[in-house]
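Student:
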Amino acid sequence: SVEVMHQIKFYTEYIRKKRRYKIREKVNMKILLVYPAYPETFWSFKYALKFISKKASLPPLGLLTVAALLPKEWEKKLVDMTVTALSDRDIKWADYVFVSAMS
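In terms of our numbering, the sequence shown opens at residue -4 and continues consecutively.
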């Protein structure tokens, strides 16, 4: 939702101002990968998912690919908002937040 995107932007800027350093200066980064929830439309398959006891129909493959390309030493955490909520603790934990989008 728009509120979540504004919150992510706020915390990303907060972290950037608080920790003024470059990526190359720190070896062990903490990366949060956020996959936003689908809006309830025909393509969200909301009603079909109930029949198969699932919460989501599509895995966040783009973010998983990005995570695989990042250095192995970095800590990574994926939050799929179609399944779980994004918490303040998750955002404060991260040095950088990567957000996927769908148009």
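For glycine and all other residues, C-beta sits at the position ideal for the given N, C-alpha and C. Small disclaimer: the values here were computed from a predicted structure and weren't measured.
1. For residue 18, count neighbouring C-beta atoms within 10 Å of its own C-beta (all shown protein chains included) and say buried if the count is 16 or more, exposed if not.
2. For the alpha helix (DSSP H) containing residue 90, list its first residue and its last residue.
3. Over the uninterrupted beta strand (DSSP E) stretch that includes residue 29, give me the two end residues.
4. For residue 96, tell me which candidate among 76, 59, 30, 70 has the shortest Cα-Cα distance.
Tutor: The short version:
1. Note on residue 18: pLDDT 49, under 50, position unreliable in the model; the coordinate value appears next. Residue 18 is exposed by the Cβ-count criterion.
2. No alpha helix (DSSP H) contains residue 90, which DSSP labels as neither H nor E.
3. 25 to 30
4. 30
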